[in-house]
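For what it's worth, my numbering labels the leading residue of the sequence shown as 27, then goes sequentially. Report on one structure; see the data block that follows.
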Amino acid sequence: MDSSARSSFTSRLGFVLAAAGSAVGLGNIWRFPYLAAKYGGGIFLLVYVVLALTFGFTLMTAEIAIGRKTGLSAVKAYEVLDRRFGFVGILSSLVPMIILPYYTVISGWVAKYFFTYLTGGGQQAVAEGYFKSFISSTWSPIFWFLLCLLATFAVVMMGVEKGVEKCSKLLMPFLVVLSVVIAIFSITRPGAWEGVLYYILPDPSRFSIMTVVAAMGQMFYSMSLAMGIMITYGSYMKKDTDLAHCVGQIEIFDTGIAFLAGLIIIPAVFAFSGGDADALNAGAGLMFITLPKVFGSMSMGGIVGAVFFLLVLFAAITSTISLMEAIVSIFLDRFHVSRPQACLAVLVICLVLGLPSSLGQGSWAAITFLGMNIQDFLDFISNSVMMPIAAFCTCIFVSRGVGVSAILEEVKHSSHFHREKLFVVMIRYIAPIFIIAVLVSSVLSALNIVVI
Ligand code: TRP
C-alpha cells in the first residue's frame with residue numbers, strides 16, 4: 027500500500043475529535059451509568075478512572091503508535107511488523123464487523139426515541155411495555171436501523187477528511203455542551219443531591235472483585251480498544267502530531283462524557299424514585315425504560331427528553347461512523363478496492379448481521395446461543411471474548427514482537443513521553459495478566475459459573 031496516497035486527518039484537533047467521536051458512544055451514556063449503579067457507585071467510578079489512566083492509556087498509545095508507524099489498518103499492520111502476529115490483526119479486524127451491525131440497531135432505537143420526543147410523544151414512552159413492544163416489533167426497528175445505517179454510510183463514503191473528520195468536528199462540541207447542560211439540570215432537581223453523593227463518594231463496602239472486572243471491560247469497550255479502530259486512526263495521523271498529548275485528550279474526553287452521563291442519569295433516577303437505589307438496577311433498560319419515566323415526571327420532560335436523546339444519537343452516530351471507517355479501511359488495505367466498493371461491501375455485511383440482530387428481539391427470539399438472543403450473543407463474543415484476546419495479544423506483540431523500544435521511538439518521534447515508565451511496566455507485565463483475568467471472569471459469568 028502506498029502510504030503517501032493514504033488520506034489523513036488535517037489537524038491534531040481533527041484527529042482528537044474523530045478518535046473521541048469513536049470512543050464516546052452508547053458505551054459512555056447507556057452502559058457506563060448502569061454499570062456504575064450496579065457495581066457500587068463512587069467506588070466503580072474511582073476504579074474506572076484509575077484503570078483508564080493506566081491500562082487504557084497504555085493500550086491506546088500502543089495502538090495509535092502501531093497504526094502511525096505502519097500507515098496501515100490492523101489487518102495488515104501486525105503482519106508487516108511481525109509475521110507471527112498477523113492473526114491478531116485479523117482477530118481485531120473482525121471485532122468491528124461484529125459490533126457495527128448490532129450497534130447500529132441500538133442507534134436506531136435511540137433515533138426512534140429522539141423522534142418520539144421531538145414530535146411530542148414523550149408520554150407514550152412512559153407506558154408499561156412500550157420499549158419491549160417497540161424492539162420486538164418487526165418493521166419499526168428495522169426502519170430506524172436502516173436510517174442510521176444509511177446516514178453512516180453517506181458520511182463514510184465522503185472519506186476521512188470530508189466525512190469522518192468534518193462530522194466529528196461538527197457533532198462533538200455539541201455533544202459536550204448538551205451533556206453539561208443536561209447534567210446541570212439533572213443535579214439541580216429536588217432530591218437529586220443524594221444521588222450525586224451515591225455516585226461520587228467511594229464507599230469501600232460496595233467494592234468487590236466484580237467492580238474491577240466490570241470497570242475493565244467497560245473501559246476497553248468505551249475507549250474502542252483492541253478492535254483495530256485506534257490502529258486505523260493512528261494510520262491517518264500525521265508524523266509530526268503529538269501522539270502522547272492526543273492520547274491524554276482522548277482519555278479526558280471519553281471519561282469526562284461517561285462521568286457526565288452518570289451525573290445526568292443517576293441523580294435524576296434517584297430523585298424520581300425518592301432515593302431508592304434499586305430503581306437504578308434496571309440494567310440495559312435504564313436508559314430506555316426508567317429514564318422516560320423520569321422525564322415524564324418533569325414539567326419540561328418532553329424537551330429534556332428530546333435533547334437527551336439527541337445527545338445520545340450524536341454519540342452513537344459518531345461511533346458507527348468510526349466503526350464503519352475501520353472496516354472500510356481494512357477492505358481498502360486488504361483487497362485494494364475503491365472506497366465506494368468497500369463501503370458497499372460493508373453495507374451488505376451490516377444488513378446481513380443487523381437484520382437478524384434486530385429480529386432477534388422479537389420474531390426470532392427463539393434463536394439463542396448459550397441462552398442469549400442474537401444481539402446479546404454478538405455483544406458477548408466480540409466484547410467479552412475476542413476483544414480481551416486481541417488486547418492480550420497486542421501486549422505480547424509489543425513486548426515480544428515489534429519490541430517496546432520501537433513503539434517508544436514512534437511515540438517520542440513527535441512527543442515528550444511523560445508516562446513512559448508507566449507504559450513500559452504496564453505493557454510488559456501488568457496489562458497482560460489483568461486482561462486474562464477479565465477474559466476468564468467475563469466468560470465464566472456469562473456461562474453463569476460463579477466462582478467468587
Ligand atoms: N467506544 C464506543 C462506545 O463507548 C463503542 C465501541 C466499541 C466502538 N468499540 C468500538 C465504537 C469501535 C467505535 C469503534 O460506545
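Don't be surprised by glycine CBs; every beta carbon is placed ideally from N, CA and C.
_Excluding the 5 residues flanking Ile69 on each side, which residues of the same chain have their C-beta closer than 7 Å to its C-beta?_
Once the five neighbours on either side are set aside, the close Cβ partners of Ile69 are Pro228, Asp229, Pro230, Arg232, Phe233, Thr237.
*asked:* Please classify Leu473 as buried or exposed, where buried requires at least 16 neighbouring CB atoms within 10 angstroms.
replied: exposed
*asked:* I'd like to confirm something about Val50: is its beta-carbon nearer than 7 Å to some heavy atom of the ligand TRP, or not?
replied: yes
*asked:* Measuring only the C-alpha atoms, how far is Gln367 from Val136?
replied: 29 Å
*Bridge partner(s) assigned by DSSP for Phe395*: Met398
*asked:* Going by beta-carbon coordinates alone, are Ala62 and Leu72 separated by less than 8 Å?
replied: no
*Give me the Cα-Cα distance between Lys64 and Gly322, rounded to the nearest whole angstrom.*
24 Å
*Going by CA-CA distance only, name the one from Ser37, Asn409, Gly67, Gly217 that's closest to Gly300.*
Gly217
*Span of the alpha helix (DSSP H) holding Lys188?*
It is not in any alpha helix (DSSP H) - Lys188 carries neither H nor E in the DSSP assignment.
*For Leu349, verify whether its CB is less than 7 Å away from any heavy atom of the ligand TRP.*
yes
*Assuming Ala342 contacts Leu52 under a Cβ cut-off of 8 Å, what Cβ separation, rounded to an integer in Å, is found between them?*
5 Å
*Indicate whether the contact test is met: 3 or more Cβ pairs, each with one atom in the region 286-300 and one in the region 202-212, closer than 8 Å.*
yes
*Given a cut-off of 8 Å, decide if Glu277 and Ala78 are closer than it, judged by their beta-carbon atoms.*
Cβ distance < 8 Å, so Ala78 and Glu277 count as in contact.
*In chain order, what residues of the same chain have a beta carbon less than 7 Å from the beta carbon of Met324, not counting five sequence neighbours either side?*
Val330
*Which full runs of the beta strand (DSSP E) of 3+ residues lie inside the region 345-396, going along the chain?*
Runs found: none.
*Take Lys138 as the anchor and find which of Pro127, Glu105, Ala151 has the nearest alpha-carbon.*
Ala151
*Roughly how many whole angstroms lie between the Cα atoms of Arg360 and Asp304?*
49 Å
*Verify the contact flag: Tyr247, CB atom, against every heavy atom of the ligand TRP, threshold strictly below 7 Å.*
Set against 7 Å, the gap from the CB of Tyr247 to the closest heavy atom of the ligand TRP is smaller.
*Please state whether DSSP places Leu175 in a helix, a strand or coil.*
helix
*Nearest-angstrom Cα separation, counted from Met313 out to Ile292*: 11 Å
*asked:* Please tell me whether, using a cut-off of 7 Å, the distance from the CB of Ala352 to the nearest non-hydrogen atom of the ligand TRP is below it.
replied: yes
*Quick check: the region 430-441 against the region 264-271, are there 3 or more CB pairs under 8 Å?*
Short answer: they touch.
*Relative to the C-alpha of Arg94, which residue among Tyr259, Asn307, Ser468 is closest?*
Tyr259
*CB of Phe41 within 8 Å of CB of Met263, strictly*: yes
*Take Ile459 as the anchor and find which of Leu404, Cys421, Glu435 has the nearest alpha-carbon.*
Cys421
*Could you pull out every unbroken alpha helix (DSSP H) segment of at least 4 residues lying fully inside the region 230-279, listed in chain order?*
235-248, 255-261
_Pair within 8 Å by beta-carbon distance, Ser491 and Ile124_ = This structure leaves residue 491 out entirely; the chain is present only between 27 and 478.
*Helix, strand or coil at Phe35 according to DSSP, with G and I counted as helix*: coil
*Take Glu154 as the anchor and find which of Gly311, Val239, Thr84, Gly254 has the nearest alpha-carbon.*
Gly311
*asked:* Please state the DSSP three-state secondary structure of Leu98.
replied: DSSP places Leu98 in the coil class of the three-state scheme, outside both helix and strand.
*Is it true that the region 117-133 meets the region 158-175, where meeting means three or more beta-carbon pairs spaced less than 8 Å apart?*
yes
*When the distance is taken between beta carbons, is Arg38 closer than 8 Å to Gly97?*
no
*Please report the residue range of the alpha helix (DSSP H) in which Val50 lies.*
Per DSSP, Val50 belongs to no alpha helix (DSSP H) and is neither H nor E.
_8 Å contact criterion, which Gly148 and Pro318 should meet: CB distance rounded_ = 7 Å
*If we call anything under 8 Å between Cβ atoms a contact, is Thr344 one with Leu197?*
yes
*Take the Cβ of Ser34 as the centre, count every other Cβ of all protein chains shown within 10 Å, and call the residue buried at 16 or more, exposed below.*
Looking at its Cβ environment, which holds 16 or more other Cβ atoms inside 10 Å, Ser34 is buried.
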